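Chemist: Numbering (the numbering used here), first residue to last: 259 to 393.
C-beta: ideal position from N, C-alpha, C; glycine also.
Remember, predicted model here, so these are calculated numbers, not experimental data.
Printed below as a string of C-alpha cells:
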C-alpha cells in the first residue's frame with residue numbers, strides 16, 4: 259500500500275469532483291482525499307504514482323509531493339514498548355528503503371515523461387547521405 263500526495267492546480271469544486279472521478283477509475287485505490295485549501299490530493303492504495311499523474315496531467319498541472327507507505331495506526335500501538343535502539347535501526351532501514359523507492363519512482367517518471375530528456379542524438383553527414391547540405 260502506498261500513500262501518494264499530489265499537488266493539483268484546481269480552482270473550484272467542479273474541477274475537484276472531476277479530478278477525483280478521474281483518479282477513481284484506476285484499479286487498486288482504497289481511498290481518495292482532497293484538501294482544497296492546500297490544493298493537495300491524497301491517494302492511498304496499490305497503484306503506481308506515475309499512472310495517477312498520467313491520468314491527471316490530461317486535465318490539470320500535477321506535481322508529486324510525497325510517495326510513501328500508508329501508515330496503519332494499529333501497528334504503531336503495539337510498538338510502544340520497544341527500545342530506542344531498535345527504533346533508530348528501524349528508522350535507518352526505513353529511510354534507506356524510502357530513498358530507494360523515491361529513486362525508482364523518479365527514474366520511472368523520467369522514462370514516462372519524454373519531454374525532460376537529457377540525451378541528444380547528433381547525426382553527421384557521413385551517417386546520413388540523404389541529408390541536405392549546401393557545399
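Assign residue 312 to one of three DSSP states: helix, strand, or coil.
Modeler: Here residue 312 corresponds to residue number 54 of the chain shown, with the count starting at 1. In the structure shown, residue 312 sits in a helix (DSSP, three-state: H, G or I).
Chemist: Using a 10 Å radius around the Cβ and a threshold of 16 neighbouring Cβ atoms, would you call residue 335 buried or exposed?
Modeler: Translated into the one-based positions of the chain shown, residue 335 becomes position 77. Low local confidence applies: a pLDDT of 47 at residue 335 is under 50, so the model's placement there is unreliable, with the coordinate-based value given in what follows. Exposed is the call here.
Chemist: Between which two residues does the alpha helix (DSSP H) harbouring residue 223 extend?
Modeler: Because the chain is modelled from 259 through 393, residue 223 falls outside the range shown and cannot be assessed.
Chemist: Quick check on this structure: which residue in 285, 267, 355 and 283 has the alpha carbon closest to the alpha carbon of residue 325?
Modeler: If you number the chain shown from 1, residue 325 lands on position 67. Of the candidates 285, 267, 355 and 283, the one whose C-alpha sits nearest the C-alpha of residue 325 is 355.
Chemist: Determine contact between the region 307-318 and the region 288-295, defined as no fewer than three beta-carbon pairs at a distance below 8 Å.
Modeler: Taking 8 Å as the limit for Cβ pairs, the verdict is that the region 288-295 does not touch the region 307-318.
Chemist: Can you give the Cα-Cα distance for residue 286 and residue 303, rounded to whole angstroms?
Modeler: For the purposes of this step, residue 286 is taken as residue 28 along the chain shown, with counting starting at 1. For the purposes of this step, residue 303 is taken as residue 45 along the chain shown, with counting starting at 1. Residue 286 and residue 303: Cα-Cα distance of roughly 6 Å.
Chemist: Do you know how far the Cα of residue 385 is from the Cα of residue 327?
Modeler: One-based indexing of the chain shown puts residue 327 at position 69. One-based indexing of the chain shown puts residue 385 at position 127. Cα to Cα, residue 327 sits roughly 49 Å from residue 385.
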